[in-house]
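Residue numbers (my numbering): 252 to 372. Data block below; observations after.
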Amino acid sequence: MMNNIRNQKGFALLLSTIIILGGSLILAGGFLVLASTEIKISQTKLKSLQSYYASEAGLEDAIYRVKNAMQYSSSYNLNVGQNQTTITVNATTASATIESQGSAENRIRKTQTVFDLPTTT
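Right under this line is the structure:
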């Protein structure tokens, strides 16, 4: 009986080591999942911001063209870095409505502005 107990002394240490190691692996796996999710969220937010700023750049371009009586079409595209912007201008003699749609890797943001045009006398 005493011999049997001596042979099993290391078993408790081995079992507790395996349990602690398993718990550590589960914890590390949880942190890995959290980190990868945060990376995806950050990338999505970055692309969304890029598309918004591309849309804003399209608005600024169209406003500049309309205010300075430069040549423009009612709908045109503009490349802003690696992103694409589609601009639609609806100008009358009194006001202009400009809509801009920025796109960055399937993230689309739209902006719009309406402003009064100066009257010439």
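Beta carbons are placed, not taken as given, at the ideal position from N, Cα and C, and that holds for glycine.
Residue i versus the options, residue with shortest Cα-Cα distance
{"i": "Arg360", "options": "Lys318, Ser302, Leu368, Gly332", "result": "Ser302"}
{"i": "Glu311", "options": "Ile292, Leu283, Val331", "result": "Val331"}
Counted within 10 angstroms of its Cβ, other Cβ atoms place residue i as buried (16 or more) or exposed
{"i": "Ser306", "result": "buried"}
{"i": "Thr336", "result": "buried"}
{"i": "Ala308", "result": "buried"}
{"i": "Ile277", "result": "exposed"}
{"i": "Ile338", "result": "buried"}
7 Å CB neighbourhood of residue i in its chain, flanking five on each side removed
{"i": "Asn334", "result": "Gln301, Ser302, Ala305, Gly353, Ser354, Ala355"}
Residues of its chain near residue i, where Cβ-Cβ distance is below 8 Å and the 5 sequence neighbours each way are ignored
{"i": "Ile271", "result": "none"}
Residue range of the unbroken beta strand (DSSP E) whose run includes residue i
{"i": "Gln363", "result": "358-367"}
(message) If contact is defined by three or more beta carbon pairs under 8 Å, each pair taking one atom from either stretch, is the stretch 284-298 in contact with the stretch 347-364?
(response) yes
(request) Evaluate the contact criterion for the stretch 313-325 versus the stretch 345-354: three or more CB pairs, one atom per stretch, below 8 Å. (result) yes
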